[in-house]
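Colleague: The following block contains the structure, expressed as structure tokens.
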Amino acid sequence: MSKQSKRLEALVYHAKPTPGKIKVVPTKKYASQRDLSLAYSPGVAEPCLEIAKDVENVYKYTAKGNLVAVISNGTAVLGLGNIGPEASKPVMEGKGLLFKIFADIDVFDIEVDTEDVEAFIATVKNIAPTFGGINLEDIKAPEAFEIERRLKEELDIPVMHDDQHGTAIISAAALLNALEIAEKKIDEVKIVVSGAGAAAISCTRLYQAFGAKRENIVMLDSKGVIRDERTNLTSEKAEFATHRKIDTLDEAMLNADVFVGLSQPDIVTPNMLLSMAANPIVFAMANPNPEIQYQLAIDTRDDIIMATGRSDHPNQVNNVLGFPFIFRGALDVRATKINEAMKMAAVKALSDLAKESVPEQVNIAYAETKLTFGKDYIIPKPFDPRLIAVVPPAVAKAAMESGVAKEPIEDWDRYKNSLLERLGSDNKLVRMLMGRAKTNPKRVVFAEADQLDVLKAAQIAYEEGIAHPILLGRKKVILELMEEIEFIADDVAIIDPKSDKETARKNRYAKAYWEKRKRQGVTIYSAEKVMRERNYFAAMMVNVGDADALITGYSRNYPSVVRPMLELIGMADGVTRVATTNVMMTQRGPMFLSDTSINIDPSAKDLAKIARMTSRVSKMFGIESVTAMISYSNFGSSDNPRAEKVREAVSYLHKAHPEMVVDGELQTDFALNQKMLQDIFPFSKLAGRKVNTLIFPNLDSANITYKLLKELNNAESIGPIMMGMRKPVHILQLGASVDEIVNMTAIAVIDAQEREKRASKLA
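The UniProt record's numbering puts the sequence shown at residues 1 to 763.
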């Protein structure tokens, strides 16, 4: 994609369909006049009076306790510098989005039009009663130090400047683990810090809190080594001025154990790395380009332990590992501040988590066989679902122990469970899918590439590194559309099955098809004829290994597309029934719904097979199925054959696959309402479990349910995912959106990856 195209895409993303990235939604009923009279006048007077009696009641009756202000004056925005408060708003909204999706914290972004320290402080103090916490963002140094210090002293709610402390907390956790791997002690290592801004100062202070010695630290700014003989140093820089007679980064790196970069790209040379001590630790955190490129660094020294700020290399120092969870813990105990004890607790929690066994869901997200503590894994991954249950409790405990918690937690197990429940509002699964697909992209043939939305999806897959597209369709149309959307890709194959240029390939495919089906009435002439049809041609590409996976179905009804796939691709060994599942991104988390597209009235045996196949698909996502077999009745309350077949399926699964967490027949509300199920049917295998898989008794109920969820609740859908096919073939719903096609492309790639792994194990 050209620079201009990327610019336009970014602008459209922020402008459409609604400007901005966050909105306010009601949390109470408002349908009736009674509801409105409670929400506002006259009912609202009652909580007002209670808060007037005791201001602490504001946490009981308002959203204050889960509301954080992200506040900036736009003086140090990302790599953009001093661009002003209005221009900083997209960044602040983005920070609000991260708070919400990682820790379920609501945010108002506040942009303050002043560079005067006193005026800024006064503004924040005046609006502080609205909020449970203050996240300061993108404020230039040295003013940022004074602003944070004063607000922490003068407010009774948590205040943190994330630019300073976020990087410090994450990098400190990484440093502790890197030192352990390198078998070095923090009070003995020599540390070089390149950069003297807010983040660098905060990092160095936190390293000292963990034992780093002041005399072993050398800090550099744009003028070179900060020495005690330099004049006009800020108090923060003077704090780290060295008496050593060195002036340059080259000199500072000699025999150094640790390099921490928060400065400029490409300032560290291979010779500098070679001059460092054995087992050097290098955190090159300048973004987007680090102080030394990752590959160059590891090629220069094989004993290096390397971290960057980038997601495409191991050991990403990413602030999202910190600020959402630190504020979550602080808010949950109503801490009056975020103090050093709480920050250090977050460091230790992150450090310890990296040493624990990694859940399969995380391994799958990053396409790793097994992530284990070591040089390439010194800090947890951002998609690790354990973060929310580990970091906030550590922060909350530290707040309680240090005397700043006003609402102590008593039942820690209950608290951790409530934290895990908050993950349900997030769409991490989609991001995980994309990340995993990128690790080993496959050749995906798009059978309808002359449709604009399909081509757009192929463009995204190509530019994001999700897949290597093969474009099928009318070549002239495809080229015209590519020019229109600025899809520039000379290495992407464009194939028109009807063109004379493809005659040899069509004949080769036709012969293979004829050999397979000549005893089912297929002649060589009819085989050659159907190879002009794109779905047959595409299926043969996958069959003979010219492509790894197939995406089709955008412009044609489902049955007409399924037919050639079954004829040419066929079912996997041991499979007697194909089916589909849709993954719905709901507020309670990902839900698998089966069968949504193929089996009109499956038998009891079919339902059991569908449940088994869905369980295998969920494992591909790193999720263990907790399966409810859905009906209009509960556990034998009806003797109708429609309910009976569901009972038979459950009985079979209990006997043949006792390891599966599955039960039924159940009505949907009982399946999804844990309390109802526990109270009325405590004997169920699902009692006390969070159901994430629903197997429906027929196509009507499954298809209607998933489309209702999609349209009424704006639930994002991935699917229908084909189950039971011999090759990675996935058929879209008619008129699927670009995002849905991209999601299905990622699924197709992961499907191909999984099959490749299984084949290599058998080889």
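Cβ atoms here follow ideal geometry from the backbone N, Cα and C, with glycine treated the same way.
Asparagine 417 to proline 142, Cα distance in whole Å?
Modeller: Approximately 41 angstroms between the Cα atoms of the pair.
Colleague: Express the C-alpha separation of tyrosine 513 and glutamine 264 in angstroms, rounding to a whole number.
Modeller: 59 angstroms
Colleague: Within the stretch 531-561, note down every full beta strand (DSSP E) run reaching 3 residues or more, in order along the chain.
Modeller: 549-552
Colleague: In chain order, which continuous runs of the beta strand (DSSP E) of length 3 or greater are located wholly inside the stretch 168-195?
Modeller: 191-194
Colleague: Could you pull out every unbroken alpha helix (DSSP H) segment of at least 4 residues lying fully inside the stretch 352-414, listed in chain order?
Modeller: 360-365 and 387-401
Colleague: Less than 6 angstroms between C-beta atoms, sequence neighbours within five positions excluded: which residues of the same chain meet that for aspartate 35?
Modeller: For aspartate 35, same chain residues with a beta-carbon under 6 angstroms away, outside a window of 5 residues either side, are Lys29 in chain order.
Colleague: Three or more C-beta pairs under 8 angstroms: does that hold for the stretch 377-392 against the stretch 343-354?
Modeller: yes
Colleague: Kindly provide the ranges of any alpha helix (DSSP H) runs that are 4 or more residues long and lie completely inside the stretch 250-336, ordered along the chain.
Modeller: 270-275, 294-300 and 323-332
Colleague: Under 8 angstroms, do isoleucine 378 and alanine 307 count as touching if we go by C-beta distance?
Modeller: yes
Colleague: At which residue ranges does the stretch 45-124 contain complete beta strand (DSSP E) runs of 3 or more residues, listed in the order of the chain?
Modeller: Those beta strand (DSSP E) runs which fall completely within the stretch 45-124 and span 3+ residues are 67-72 and 106-111.
Colleague: Please identify the residue among Tyr59, Ile326 and Asp453 whose C-alpha is closest to the C-alpha of glutamate 407.
Modeller: Tyr59
Colleague: Taking only runs of the beta strand (DSSP E) that begin and end inside the stretch 662-747, which ones reach a length of at least 3 residues, in chain order?
Modeller: Whole beta strand (DSSP E) segments, 3+ residues: 693-695, 716-723 and 729-731.
Colleague: Let me know the secondary structure DSSP gives leucine 155 once reduced to three states.
Modeller: coil
Colleague: Whole angstroms are fine: how far does the CA of isoleucine 71 sit from the CA of asparagine 135?
Modeller: Annotation: asparagine 135 to isoleucine 71 spans about 6 angstroms, alpha carbon to alpha carbon.
Colleague: Given arginine 517, which residues of its chain have a CB within under 8 angstroms of its CB, disregarding the five upstream and five downstream residues?
Modeller: Ala527 and Glu567
Colleague: Would you check if the distance between the CB atom of glycine 261 and the CB atom of glycine 195 is smaller than 8 angstroms?
Modeller: yes
Colleague: Using only CA atoms, which one of Gly465, Leu479 and Glu464 lies nearest to leucine 471?
Modeller: Leu479
Colleague: Where glycine 545 and proline 441 are concerned, what is the direct C-alpha to C-alpha distance, given to the nearest angstrom?
Modeller: 15 angstroms
Colleague: So the beta strand (DSSP E) methionine 620 belongs to, where does it begin and stop?
Modeller: Counting along the chain, methionine 620 falls outside any beta strand (DSSP E), though it belongs to the alpha helix (DSSP H) covering 604-620.
Colleague: Nearest-angstrom Cα distance between valine 395 and glutamate 137?
Modeller: 21 angstroms
Colleague: Put lysine 28 into one of helix, strand or coil per three-state DSSP.
Modeller: coil
Colleague: Need the endpoints of the beta strand (DSSP E) that aspartate 453 sits in, please.
Modeller: First-last for aspartate 453: 452-463, but that is the alpha helix (DSSP H), not the beta strand (DSSP E).
Colleague: From the DSSP output, read off the bridge partner residues of histidine 161.
Modeller: Leu136
Colleague: State whether the stretch 574-585 contacts the stretch 613-629, with contact taken as three or more CB pairs (one from each stretch) at a distance under 8 angstroms.
Modeller: Cβ pair count under 8 angstroms is three or more, so yes.
Colleague: List the residues that DSSP assigns as beta-bridge partners of arginine 431.
Modeller: BP columns for arginine 431 are empty, so no partner.
Colleague: Measure how close the beta-carbons of valine 112 and asparagine 82 come, nearest whole angstrom, since I'm counting them as under 8 angstroms.
Modeller: Cβ atoms of valine 112 and asparagine 82 stay farther apart than 8 angstroms, at about 13 angstroms.
Colleague: Do alanine 611 and valine 662 come within 8 angstroms of each other at the CB atom, strictly closer than that value?
Modeller: The answer is yes: Cβ separation under 8 angstroms.
Colleague: Closer than 6 angstroms by C-beta to glycine 79: which residues in its own chain qualify, once you throw out the five before and the five after it? Chain order, please.
Modeller: Closer than 6 angstroms at the Cβ level, and outside the excluded window around glycine 79, lies no residue.
Colleague: Would you mind sorting asparagine 743 into buried or exposed? The rule is 16 or more other CB atoms within 10 Å of its CB.
Modeller: Classification for asparagine 743: buried.
Colleague: Any heavy atom of the ligand NAD inside 7 angstroms of the beta-carbon of valine 729?
Modeller: Absence of the ligand NAD is noted for the structure shown, with no ligands found whatsoever.
Colleague: For the alpha helix (DSSP H) holding proline 641, just list the boundary residues, first then last.
Modeller: 641-656
Colleague: Please look up how many angstroms separate the CB atoms of leucine 249 and methionine 272, rounded, as I've assumed it's under 8 angstroms.
Modeller: Contact between leucine 249 and methionine 272 holds, since their C-beta atoms are separated by about 7 angstroms, short of 8 angstroms.
Colleague: Where do the ends of the alpha helix (DSSP H) carrying serine 202 lie?
Modeller: 198-209
Colleague: Please report the residue range of the alpha helix (DSSP H) in which leucine 479 lies.
Modeller: 475-484
Colleague: What is the rounded straight-line gap between the Cα of methionine 482 and the Cα of asparagine 714?
Modeller: 30 angstroms
Colleague: Output the boundary residues of the alpha helix (DSSP H) element that contains arginine 443.
Modeller: Per DSSP, arginine 443 belongs to no alpha helix (DSSP H); it is in the beta strand (DSSP E), 442-446.
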